[in-house]
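First residue of the sequence shown? That's 344 in the working numbering, and the numbers climb one at a time after it.
Ideal Cβ placement from N, Cα and C applies to all residues, glycine included.
All of these numbers come straight from a predicted model, not from anything done at the bench.
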Amino acid sequence: MEKLAIDGGRPVRANVLGYGRQLIEDDDVAAVEAVLRSDWLTCGPATEAFERDLATVTGARFVTAVSNGTAALHVSCLAAGVGPGDEVIVSAITFAASANCARYCGADVRFADIDPETWNLRPDEVRRLVTPRTKTVVAVDFGGVPTNLAEIRSICDEHGLVLIEDAAHSLGGLYRGRPIGSIADLTCFSFHPVKTVACGEGGAVATSDPELARRVALFAKHGITHDSAQFVEPDVGGWHYEQLELGYNYRMTDIQAALGSSQLAKLPRFAGRRRELVAFYNERFSEMPYVRFQRDDHPDATVRHLYCLWFDTAALGTTRRFVYDALRAEGIGVNVHYLPVYRLPYYADLGYDPACCPEANRYYEGAVTLPLHCRMSGDDAKDVVRAVEKVVGACRAGREAL
Ligand SMILES: Cc1ncc(COP(=O)(O)O)c(C=O)c1O
344 MEKLAIDGGR PVRANVLGYG RQLIEDDDVA AVEAVLRSDW LTCGPATEAF
394 ERDLATVTGA RFVTAVSNGT AALHVSCLAA GVGPGDEVIV SAITFAASAN
444 CARYCGADVR FADIDPETWN LRPDEVRRLV TPRTKTVVAV DFGGVPTNLA
494 EIRSICDEHG LVLIEDAAHS LGGLYRGRPI GSIADLTCFS FHPVKTVACG
544 EGGAVATSDP ELARRVALFA KHGITHDSAQ FVEPDVGGWH YEQLELGYNY
594 RMTDIQAALG SSQLAKLPRF AGRRRELVAF YNERFSEMPY VRFQRDDHPD
644 ATVRHLYCLW FDTAALGTTR RFVYDALRAE GIGVNVHYLP VYRLPYYADL
694 GYDPACCPEA NRYYEGAVTL PLHCRMSGDD AKDVVRAVEK VVGACRAGRE
744 AL
C-alpha cells in the first residue's frame with residue numbers, strides 16, 4: 344500500500360492541477376487587442392457581435408450580454424416581474440447567485456431538493472413547493488447536465504410561472520436535441536474563467552420572447568431606453584431618452600465581448616475535450632467501489648463544466664474533509680460544489696431549516712470536484728484517477744485493518 348502524501352508519502356503530482364482554468368490562445372489575445380486599439384471599449388460592435396454569436400449557439404431569438412452571470416440572473420428575475428412578496432423556487436445545490444437573484448428583488452426563496460443521481464432539482468419537489476405566491480423557478484443545469492426541463496416546463500405552464508434556466512454550467516449543450524438557451528423563458532449564462540467559455544467576467548440572458556427581451560435589456564442598462572417606440576413622453580429631440588424602470592449598469596464591455604466571441608468560436612473543440620475527459624473519468628470510476636459520478640443519460644449532447652465525484656465516506660470509514668485534504672496533498676486541486684445554499688449563514692439567519700433538503704445534505708457530505716478543463720492532458724487525467732485510487736485504497740485498507 345502506497346503511503347498517502349498527507350501522511351508523508353510521495354505525492355502523485357509535484358505541481359498542483361487546478362479544478363478549472365481558462366484556455367486563452369494567441370487569437371484570443373489578438374481579438375482583445377484589436378478592441379483596445381479601436382474606437383469602442385463598451386457598447387460597441389464587439390458586444391453586438393457577441394450577442395449575435397450567442398444567439399446562433401443558443402438558438403434564442405434575443406440575447407443580451409451583461410457584466411456577469413449574477414447580473415444575468417438578477418435582470419431575468421426583474422424581467423419576470425419578481426418582487427417583494429413573491430416566491431422563487433431554486434435548486435438547493437447551486438452557487439449562491441442562483442438564489443440571491445430572488446433576494447435582490449425582495450422575494451423569498453424556496454429550496455427544492457435534488458435528485459440523488461442527477462443532482463439536479465427534482466420536478467416533484469418543484470410541484471410540492473408551488474404556492475399562489477410562486478413567480479418563477481430558477482432551474483440549474485448542475486455541472487452542465489441539463490435539468491429536467493420538460494417536466495419543469497410543464498409545471499411552470501400549469502401554474503403560470505416563468506422558467507429561468509441557470510445555464511452557467513451548460514453552454515453549448517443540447518436538451519432533447521434543442522440547444523440550451525432555446526427552451527426556458529429566460530436562460531442565463533456565465534463566462535467566468537472556470538466556465539467553458541471565458542470573458543474574465545461576463546454573462547448573458549437568452550430568450551425568444553420579445554417582451555422579456557425588452558425588459559432584460561432595459562434592466563441591464565439603468566432602466567433607460569433610447570427607443571422612441573417605448574417613450575411615454577413626446578420625443579423632444581435626438582438626445583431624448585427615458586428611464587422607465589429602476590435598472591442597473593450591468594453592461595458588458597467590448598473588451599469582454601471580443602474575448603467571448605473568440606472563445607465561442609472554439610466551443611465545439613472545448614466541448615469535445617471536456618467530453619473526452621468526462622468519458623475517461625466515468626470509465627475509470629465506474630469500476631471503483633465507494634465512489635459515484637453524476638448521472639447523465641445523454642453525455643454526447645452535454646457540455647460539462649464540473650466533474651463532481653461522490654465518495655461514500657460512511658462506507659469508507661472516513662470523512663469528506665479527509666478525502667479533500669488527502670487529494671490536495673497528492674497535488675490534485677479539488678474543490679467542493681456546492682455547500683447547500685440554505686445552510687450558508689445569510690440564509691440560515693433567514694430561518695431555513697438546515698435539514699430541509701435531505702438529498703442535498705447527503706450529496707454535500709461526500710461531494711468532491713475533480714479537475715476538468717481544456718488545458719488538461721491525458722496524463723493529468725490519469726494523475727487524478729491515480730490519486731483517487733490511492734486515497735480510496737488507503738481508506739479501504741484502514742477499514743480492513745479495523
Ligand atoms: C450555477 C451558477 N449560477 C450563477 C453563477 C454566477 O455567475 P458569475 O460568477 O458570472 O456571476 C455561477 C458562477 O459561478 C454559477 O456557477
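*asked:* Could you pull the DSSP bridge partners for R594 from this structure?
replied: As a working mapping, residue 594 is identified with position 251 in the sequence shown. R594 pairs with V409.
*Roughly how many angstroms lie between the CA atoms of G524 and L587, to the nearest whole one?*
As a working mapping, residue 524 is identified with position 181 in the sequence shown. As a working mapping, residue 587 is identified with position 244 in the sequence shown. Between the alpha carbons of G524 and L587 lies a distance of about 27 angstroms.
*Does the beta-carbon of S497 have 16 or more other beta-carbons within 10 angstroms, so that it is buried, or is it exposed?*
Position 154 of the sequence shown, counted from the first residue, corresponds to residue 497. Taking every protein chain shown into account, the CB of S497 has fewer than 16 other CB atoms within 10 angstroms, so this residue is exposed.
_Considering only the alpha carbon of each residue, which of D668, K733, D451 lies closest to P475?_
Locating residue 475 in the sequence shown gives position 132, counting from the first residue. Taking only the C-alpha atoms, the option nearest P475 is D451.
*asked:* Please list the terminal residues of the continuous beta strand (DSSP E) segment that includes G546.
replied: Working through the sequence shown from its first residue, we reach residue 546 at position 203. Per DSSP, the unbroken beta strand (DSSP E) holding G546 starts and ends at 546 to 550.
*Does DSSP put A455 in a helix, in a strand, or in coil?*
The sequence position of residue 455 within the sequence shown is 112, counting from 1. Correct three-state label for A455: strand.
*Could you check the C-alpha separation between G660 and E630 for me, to the nearest Å?*
Indexing the sequence shown from 1 puts residue 660 at position 317. Indexing the sequence shown from 1 puts residue 630 at position 287. Rounded to the nearest angstrom, the two C-alpha atoms are 20 angstroms apart.
*asked:* For ligand 1, is there any heavy atom lying closer than 7 angstroms to the beta carbon of A511?
replied: To locate residue 511, count along the sequence shown from 1; it is residue 168. Yes; taking the cut-off as 7 angstroms, the Cβ of A511 has a heavy atom of ligand 1 nearer than that.
*Are the CB atoms of P701 and D458 nearer to each other than 8 angstroms?*
The residue labelled residue 701 in the question sits at position 358 within the sequence shown. The residue labelled residue 458 in the question sits at position 115 within the sequence shown. In this structure, D458 does not lie closer than 8 angstroms to P701 by Cβ.
*Verify the contact flag: H535, CB atom, against every heavy atom of ligand 1, threshold strictly below 7 angstroms.*
By one-based count along the sequence shown, residue 535 stands at place 192. Closer than 7 angstroms to some heavy atom of ligand 1: that describes the Cβ of H535.
*Pair within 8 angstroms by beta-carbon distance, A439 and C420*: On the sequence shown, residue 439 is found 96 positions in, with the first residue counted as 1. On the sequence shown, residue 420 is found 77 positions in, with the first residue counted as 1. Between A439 and C420, the C-beta spacing is not below 8 angstroms.
*For T568, does the three-state DSSP call read helix, strand or coil?*
Your numbering for residue 568 matches position 225 in the sequence shown. Look at T568 here: in three-state DSSP terms it is strand.
*What do you reckon, is the C-beta of F438 under 7 angstroms from a heavy atom of ligand 1?*
One-based indexing of the sequence shown puts residue 438 at position 95. Yes, Cβ of F438 sits closer than 7 angstroms to a heavy atom of ligand 1.
*Could you check where the alpha helix (DSSP H) with A373 kicks off and where it finishes?*
Position 30 of the sequence shown, counting from 1, holds the residue named residue 373. Start and end: 369 to 379.
_Suppose the cutoff is 7 angstroms on Cβ atoms and the five residues either side in sequence are ignored; what does the same chain contact list for H569 look like?_
Counting from 1 along the sequence shown, the entry for residue 569 is found at position 226. Cβ neighbours of H569 beyond the five flanking positions: Y584.
*asked:* Using only the alpha-carbon positions, how far apart do N358 and R671 sit?
replied: Position 15 of the sequence shown, counted from the start, is the residue given in the question as residue 358. Position 328 of the sequence shown, counted from the start, is the residue given in the question as residue 671. When rounded, the distance between both Cα atoms is 11 angstroms.
*State the start and end residues of the unbroken beta strand (DSSP E) segment that holds D509.*
Position 166 of the sequence shown, counted from the start, is the residue given in the question as residue 509. Note, D509: beta strand (DSSP E), 505 to 509.
*Run of the beta strand (DSSP E) containing T530, from where it starts to where it stops*: Your numbering for residue 530 matches position 187 in the sequence shown. Looking at the DSSP string, the run of the beta strand (DSSP E) that includes T530 is 529 to 533.
*Going by beta carbon distance, what residues of the same chain come within less than 6 angstroms of S441, once the five residues before and after it are set aside?*
Position 98 of the sequence shown, counted from the start, is the residue given in the question as residue 441. Within the same chain, Cβ atoms closer than 6 angstroms to the Cβ of S441 are found at V433, V481, V483, D509, the five residues on either side in sequence being excluded.
_Burial state of Y689 (16 or more Cβ within 10 Å)_ = Residue 689 sits at position 346 when you count from the first residue of the sequence shown. Classification for Y689: exposed.
*Under 6 angstroms Cβ to Cβ from R519, same chain only, skipping five residues before and after it: list those, please.*
Position 176 of the sequence shown, counted from the first residue, corresponds to residue 519. Taken in chain order, the list of residues that qualify is empty.
*State the start and end residues of the unbroken beta strand (DSSP E) segment that holds I432.*
Position 89 of the sequence shown, counted from the first residue, corresponds to residue 432. For I432, the enclosing beta strand (DSSP E) begins and ends at 430 to 434.
*May I ask you to list the residues that DSSP assigns as paired with P522?*
To locate residue 522, count along the sequence shown from 1; it is residue 179. Bridge partners of P522 according to DSSP: L517.
*R635 (DSSP reduced to helix, strand or coil)*: Position 292 of the sequence shown, counted from the first residue, corresponds to residue 635. Shown here, R635 sits in a strand according to DSSP, grouped into three states.
*What three-state label does DSSP hand V735 in the structure shown?*
Here residue 735 corresponds to residue number 392 of the sequence shown, with the count starting at 1. Note: V735 maps to helix in three-state DSSP.
*Tell me the start and end of each unbroken alpha helix (DSSP H) in the segment 625 to 686 that is at least 4 residues and wholly inside, in chain order.*
Taking 4 residues as the minimum length, the alpha helix (DSSP H) runs contained wholly in the segment 625 to 686 are 656 to 659, 663 to 672, in order along the chain.
_Strand pairing of Q586, partner residues [DSSP]_ = Reading the sequence shown from its first residue, position 243 is the one you call residue 586. Answer is I567.
*asked:* Just to confirm before moving on: does the CB-CB distance between Y593 and S410 stay below 8 angstroms?
replied: Along the sequence shown, read from residue 1 onward, the residue named residue 593 stands at position 250. Along the sequence shown, read from residue 1 onward, the residue named residue 410 stands at position 67. Yes; because the gap between Cβ atoms is below 8 angstroms, this pair is in contact.
*Pull up the distance between the alpha-carbon of T401 and that of G515, whole angstroms please.*
Along the sequence shown, read from residue 1 onward, the residue named residue 401 stands at position 58. Along the sequence shown, read from residue 1 onward, the residue named residue 515 stands at position 172. Each residue's alpha carbon lies about 7 angstroms from the other.
*Among Y633, G424, T490, which has the Cα closest to the Cα of A644?*
By 1-based counting over the sequence shown, the position of residue 644 is 301. Answer by Cα proximity: T490.
*Are the segment 541 to 555 and the segment 602 to 613 touching, with three or more C-beta to C-beta distances below 8 angstroms?*
Output reads yes: the segment 602 to 613 touches the segment 541 to 555.
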